[in-house]
Every structure is written in structure tokens, then in C-alpha cells.
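Student: Going letter by letter, the sequence shown gives residues 17 to 189 in our numbering.
Glycine residues also receive a C-beta, built at the ideal position from the N, C-alpha and C atoms.
One structure coming up, written as C-alpha cells, with questions to follow.
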Amino acid sequence: MNNFCKIFKEKKFVLISSLPENNPELAKAAVNSGTDVLKVHINVVHHASGTAFGSLAEEKTNLEKIISVAKNAGVPVGIVPGAKPGIGPCELNPLVGMGFDFFSIYAAHLSPTGLDLKEIGKMVALDSSYHPYEAKFLAKMGVDACEASVIPGNGYGYPLSVQDLLKYQCIVQ
17 MNNFCKIFKE
27 KKFVLISSLP
37 ENNPELAKAA
47 VNSGTDVLKV
57 HINVVHHASG
67 TAFGSLAEEK
77 TNLEKIISVA
87 KNAGVPVGIV
97 PGAKPGIGPC
107 ELNPLVGMGF
117 DFFSIYAAHL
127 SPTGLDLKEI
137 GKMVALDSSY
147 HPYEAKFLAK
157 MGVDACEASV
167 IPGNGYGYPL
177 SVQDLLKYQC
187 IVQ
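In C-alpha cells form, the structure reads like this:
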């Protein structure tokens, strides 16, 4: 069991900090502020922040520094490898070799073969198009954590609603 999976066994509440850019100084700030887990990105435009993240080659130097910051603090670090359908072992294996503890990816973008990787934790995100009931089946498929992204992109920035809470409640029941 890797550090990412262990933390969910050890703590009731886990704070995952998704960095708005792949900046080692932001990683240090998150670690020093008590984050339990760090998450970085490549090959994607982040919906909430609008940040465009470069390729692995473009981001590699900063990613290696962030991994070092996280490992020195005992904080697991994961990566969003992109936002295109069919991401599988070819894209994920180099990330394992760099020292990432987990990958985080939308279910629609992950190839089923990505679930076969044993050396890395798997966090799968369900967007607002999924029924909350579907989240119950992720663990049976070998997924270690679910990111419940139940609010549609056009709902970002608005206050949390009872409808949002109902969706989250359905997921955890």
C-alpha cells in the first residue's frame, strides 16, 4: 500500500491541495500550512483556475522539485496527467518512475488498462454528468479514491446548494 492509500486509513479527514500552478514555492506553502496530499497537473487547462498546464517535458523540472518538497515532508503527491480520452499505461508509467504516489483523472479520460497499474494510487473524478450512485462501484474496479466533482463548470463560483449536498450525500452512503 503506497502513502496515498495509507493516509485514508490513518486519517478521517484528508486535505488535498490542488496547486493552481506547478510551482515549488506553492508546494512548500501548502505543506507548511498542513496539507495532507499535494496534486499537480500536466496537459490540461484547469477549469476552476483557468491555468494552462504544459506537457511533462515542459513541467518536469518543477514537478521534480515539488516531488522533493512533498517527499521530504512525508506528503503524498499525485498528478492529473491530462484531459483526453484513452490515458493509460503509456502515459502513466513515466509518472510512476518519477515518484508520484497517485494519479487523478476524470473517469471518461482513463483507459481501463490504467486500472491495472499496481505501483501507483488511483483517484478517479466523476463530473456532474454521472449519477452519484455510480461512485459506489469505483472501489470494486480498483480505484483508491473518488473526486466528486458534482458541480457543473457553469456552477463554479456560486454558493454551495442543498442540491449539491444531496449529491455528495448519495455518494458517501
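Could you give the DSSP three-state label for Ala123: helix, strand or coil?
Tutor: Helix, per DSSP.
Student: Determine, using beta-carbon pairs with one atom in the stretch 44-51 and one in the stretch 59-78, whether at least three such pairs fall under 8 Å.
Tutor: Result no; under three Cβ-Cβ pairs closer than 8 Å.
Student: Determine contact between the stretch 137-144 and the stretch 157-172, defined as no fewer than three beta-carbon pairs at a distance below 8 Å.
Tutor: The stretch 137-144 vs the stretch 157-172: in contact.
Student: How big is the Cα-Cα spacing for Gly70 and Leu111?
Tutor: Each residue's Cα considered, the two are about 15 Å apart.
Student: Buried or exposed: which applies to Glu41, given that a residue is buried once 16 or more other Cβ atoms fall within 10 Å of its Cβ?
Tutor: The residue is exposed, with fewer than 16 neighbouring Cβ atoms inside 10 Å.
Student: For the candidate residues Leu154, Tyr146 and Ala155, whose alpha-carbon lies nearest to that of Pro1?
Tutor: With the chain covering 17 to 189 only, the question about residue 1 has no answer from this structure.
Student: Rounded to a whole number of angstroms, what is the C-alpha to C-alpha distance between Glu37 and Ala89?
Tutor: Between Glu37 and Ala89, the C-alpha separation is close to 20 Å.
Student: Starting from Ser34, trace the beta strand (DSSP E) both ways and give me its first and last residue.
Tutor: Here the beta strand (DSSP E) through Ser34 covers Ile32 to Ser34.
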